[in-house]
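Asker: Encoded as structure tokens, here's the structure I'll be asking about.
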Amino acid sequence: MPKALITGVTGQDGAYLSQLLLSKGYEVFGLARRSSHLGVDDHRLRWLGVADRVTLVDGDMLDLSALLRVVARTEPDEIYNLAAQSFVATSWDQPILTSQVTGLGVVNILEAVRAAAPNARFYQASSSEMFGGRNAVQNEETPFQPRSPYAVAKLMGHWATINYRESFGLHASSGILFNHESPLRGIEFVTRKVTDGVARIRHGLASELRLGNIDVKRDWGHARDYVRAMWMMLQQGAPDDFVVATGRTTTVREMCEIAFAHANLAMDEHVVIDPALYRPAEVVLLRGDPSKVQRVLGWAPEAALEDIIREMVEADLERLRPT
Ligand code: NDP
Ligand code: GDP
Numbered sequence: 220m221p222k223a224l225i226t227g228v229t230g231q232d233g234a235y236l237s238q239l240l241l242s243k244g245y246e247v248f249g250l251a252r253r254s255s256h257l258g259v260d261d262h263r264l265r266w267l268g269v270a271d272r273v274t275l276v277d278g279d280m281l282d283l284s285a286l287l288r289v290v291a292r293t294e295p296d297e298i299y300n301l302a303a304q305s306f307v308a309t310s311w312d313q314p315i316l317t318s319q320v321t322g323l324g325v326v327n328i329l330e331a332v333r334a335a336a337p338n339a340r341f342y343q344a345s346s347s348e349m350f351g352g353r354n355a356v357q358n359e360e361t362p363f364q365p366r367s368p369y370a371v372a373k374l375m376g377h378w379a380t381i382n383y384r385e386s387f388g389l390h391a392s393s394g395i396l397f398n399h400e401s402p403l404r405g406i407e408f409v410t411r412k413v414t415d416g417v418a419r420i421r422h423g424l425a426s427e428l429r430l431g432n433i434d435v436k437r438d439w440g441h442a443r444d445y446v447r448a449m450w451m452m453l454q455q456g457a458p459d460d461f462v463v464a465t466g467r468t469t470t471v472r473e474m475c476e477i478a479f480a481h482a483n484l485a486m487d488e489h490v491v492i493d494p495a496l497y498r499p500a501e502v503v504l505l506r507g508d509p510s511k512v513q514r515v516l517g518w519a520p521e522a523a524l525e526d527i528i529r530e531m532v533e534a535d536l537e538r539l540r541p542t
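In terms of the working numbering, the sequence shown opens at residue 220 and continues consecutively.
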């Protein structure tokens with residue numbers, strides 16, 4: 220039975236990846252940190268019905284000694300490094316923590332892999348935010364232009380992954396993933412904020428939804444499709460880097476319209492633009508070119524944005540349904 224170690228197992232992608240790997244017969248270990256009030260918050264793993272089949276191991280990306288012990292103890296064949304301070308807006312308020320977890324944390328786990336499991340295959344969760352949105356379409360050759368402390372930190376992780384591959388021969392791949400969503404997306408990200416807001420308005424729990432710049436464009440896919448691409452990358456004989464995207468870009472405004480329309484609500488009656496939610500620097504346009512991942516790995520997304528938003532609205536309506 221192959222063994223996988225997932226950092227960030229309690230996050231959106233960690234939950235979907237756990238589900239995928241378990242369905243393929245893997246033994247799954249997940250790095251998790253305790254919190255004072257919840258122990259480990261495994262609500263996403265529970266939502267997908269896999270919590271009791273994932274073995275949680277205690278550790279934090281900032282603690283190299285813990286990572287060394289975890290990698291040595293679990294002896295993984297594959298390591299998926301998904302842990303990060305992943306919210307762009309927070310990265311301006313906590314730039315040092317973001318640099319440490321999202322950037323230096325990658326070097327910590329690479330060091331642990333190099334020392335304790337040099338033959339394991341390694342996946343790094345890189346991000347389309349690294350591109351900065353200056354080009355009309357972004358692929359593996361597009362120059363990087365990070366526009367937030369988050370993107371700067373992700374670039375460190377991306378280059379560290381490539382450097383450990385070239386310097387020490389690690390089987391290390393970096394997936395440059397465009398935005399991907401699901402009912403398990405963090406509530407602060409715009410898709411989930413919108414679907415949660417729509418559900419609150421529908422149930423009479425709120426009347427307005429405050430948003431920032433809704434003219435920006437994103438290339439949105441479904442997390443379930445994107446974790447499949449992560450796994451496919453590590454099944455390759457040779458490590459490599461791939462852009463994972465749908466190739467379609469949509470404004471936040473259009474995404475909102477889909478969500479409100481699904482709940483039979485008029486967006487214009489409820490959305491309030493709040494300049495306080497504008498970012499210090501913005502990535503105005505992301506649109507990925509998935510040609511390489513399609514050609515080399517045979518990957519293609521299954522869910523379209525309309526499907527994703529409908530699934531998210533339905534899940535939030537159900538979660539918030541008055542009892
Ligand atoms: P989430 O924010 O949902 O999950 C982040 C995970 O990282 C959580 O499990 C969190 O644990 C963990 N984590 C945070 N800090 C630490 C730390 N110091 N030590 C250990 N674990 C920590 O992110 P997603 O699942 O959406 O994304 C997965 C990865 O992919 C992230 O690296 C993200 O930056 C990247 N990415 C995501 C994209 C997307 O659209 N979703 C696009 C491109 C890249 P806890 O539950 O305890 O907070
Ligand atoms: P990101 O692409 O990783 O930053 O993902 P987000 O979902 O957080 O943001 C996507 C885009 O939506 C960004 O360009 C934001 O500026 C924009 N946006 C507009 N209003 C909001 C809002 O209220 N919350 C968030 N999170 N983003 C917003």
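Ideal Cβ positions, reconstructed from N, Cα and C, are used throughout, including at glycine.
State the DSSP-derived secondary structure class of ILE381, mapped to helix, strand or coil.
Answerer: In the structure shown, the three-state DSSP call for ILE381 is helix.
Asker: Determine the burial state of ASP271: buried for a count of at least 16 other Cβ atoms within 10 Å of its Cβ, exposed for fewer.
Answerer: exposed
Asker: Are the region 501 to 514 and the region 458 to 471 touching, with three or more C-beta to C-beta distances below 8 Å?
Answerer: yes
Asker: Is any heavy atom of ligand 1 found at a distance shorter than 7 Å from the C-beta of ASN398?
Answerer: yes
Asker: Can we count VAL491 as close to ligand 2, meaning its CB is less than 7 Å from some heavy atom?
Answerer: Result no, Cβ not under 7 Å from ligand 2.
Asker: Suppose you measure from the CA of SER237 to the CA of PRO295; what does that come to, to the nearest Å?
Answerer: Cα to Cα, the separation comes out at about 14 Å.
Asker: Are the region 260 to 274 and the region 236 to 252 touching by the rule of at least three beta carbon pairs closer than 8 Å?
Answerer: Result yes; three or more Cβ-Cβ pairs closer than 8 Å.
Asker: Please state whether DSSP places SER347 in a helix, a strand or coil.
Answerer: helix
Asker: State the beta-bridge partners of GLN357 as determined by DSSP.
Answerer: For GLN357, which the question treats as bridged, DSSP gives the partners GLY507.
Asker: Starting from GLU246 and walking both ways along the alpha helix (DSSP H), at which residues does that stretch end?
Answerer: Segment 246 to 251 is the beta strand (DSSP E) holding GLU246; no alpha helix (DSSP H) there.
Asker: Take the Cβ of ASP434 as the centre, count every other Cβ of all protein chains shown within 10 Å, and call the residue buried at 16 or more, exposed below.
Answerer: In this structure ASP434 is exposed. Its beta-carbon is surrounded by fewer than 16 other beta-carbon atoms within 10 angstroms.
Asker: Using alpha carbons as the reference points, say which of PHE387, HIS377 and PHE363 lies closest to LEU505.
Answerer: For LEU505, the nearest C-alpha among the options comes from PHE363.
Asker: Between GLY388 and TRP378, what straight-line distance do the alpha-carbon atoms span, to the nearest angstrom?
Answerer: 14 Å
Asker: Express the C-alpha separation of VAL276 and GLY233 in angstroms, rounding to a whole number.
Answerer: 14 Å
Asker: In chain order, what residues of the same chain have a beta carbon less than 8 Å from the beta carbon of ALA534, not counting five sequence neighbours either side?
Answerer: PRO402 and THR414
Asker: Less than 7 Å separating the Cβ of LEU250 from some heavy atom of ligand 1?
Answerer: yes
Asker: Going by beta carbon distance, what residues of the same chain come within less than 7 Å of GLY376, once the five residues before and after it are set aside?
Answerer: Taking GLY376 as the centre and dropping the five residues before and after it, the same chain places the C-beta of THR321, GLY322, VAL325, GLN343 and SER345 closer than 7 Å to its C-beta, in chain order.
Asker: Please determine whether the Cβ atom of THR410 lies at a distance below 7 Å from any heavy atom of ligand 2.
Answerer: yes
Asker: Over the uninterrupted beta strand (DSSP E) stretch that includes GLU297, give me the two end residues.
Answerer: 297 to 300
Asker: If we call anything under 8 Å between Cβ atoms a contact, is SER367 one with GLU348?
Answerer: yes
Asker: Does the distance from the CB of ARG411 to the CB of MET531 come in under 8 Å?
Answerer: Yes, Cβ-Cβ distance for ARG411 and MET531 is below 8 Å.
Asker: Cα separation between GLU310 and VAL515?
Answerer: Residue identity differs from the one stated: residue 310 is Ser in this sequence, not Glu. Straight through space, the alpha carbons of VAL515 and SER310 are spaced by roughly 34 Å.
Asker: Using a Cβ-based criterion (distance less than 7 Å to any ligand heavy atom), does GLY466 qualify as near ligand 1?
Answerer: For GLY466, the shortest separation between its Cβ and any heavy atom of ligand 1 does not lie below 7 Å.
Asker: In terms of residue numbering, what span does the alpha helix (DSSP H) encompassing ALA442 cover?
Answerer: 442 to 453
Asker: Assuming LEU224 is part of the beta strand (DSSP E), what are its boundary residues?
Answerer: 222 to 226
Asker: For LEU257, is the classification buried or exposed, using 16 other Cβ atoms within 10 angstroms of its Cβ as the cut-off for buried?
Answerer: exposed
Asker: At a cut-off of 7 Å, would you count ASP460 as near ligand 1, judging by its Cβ distance to the nearest heavy atom?
Answerer: no
Asker: With a Cβ-Cβ cutoff of 8 Å, do ALA464 and PHE408 count as a contact?
Answerer: no
Asker: May I have a chain-ordered list of the alpha helix (DSSP H) segments no shorter than 4 residues that lie completely inside the region 284 to 340?
Answerer: 307 to 312, 314 to 317 and 324 to 335
Asker: Return yes when at least one heavy atom of ligand 1 lies under 7 Å from the C-beta of THR226, else no.
Answerer: yes
Asker: In chain order, what residues of the same chain have a beta carbon less than 7 Å from the beta carbon of ALA478, not counting five sequence neighbours either side?
Answerer: VAL413, THR414, VAL417, ILE528 and VAL532
Asker: Where does VAL435 sit, in a helix, a strand or coil, going by DSSP?
Answerer: coil
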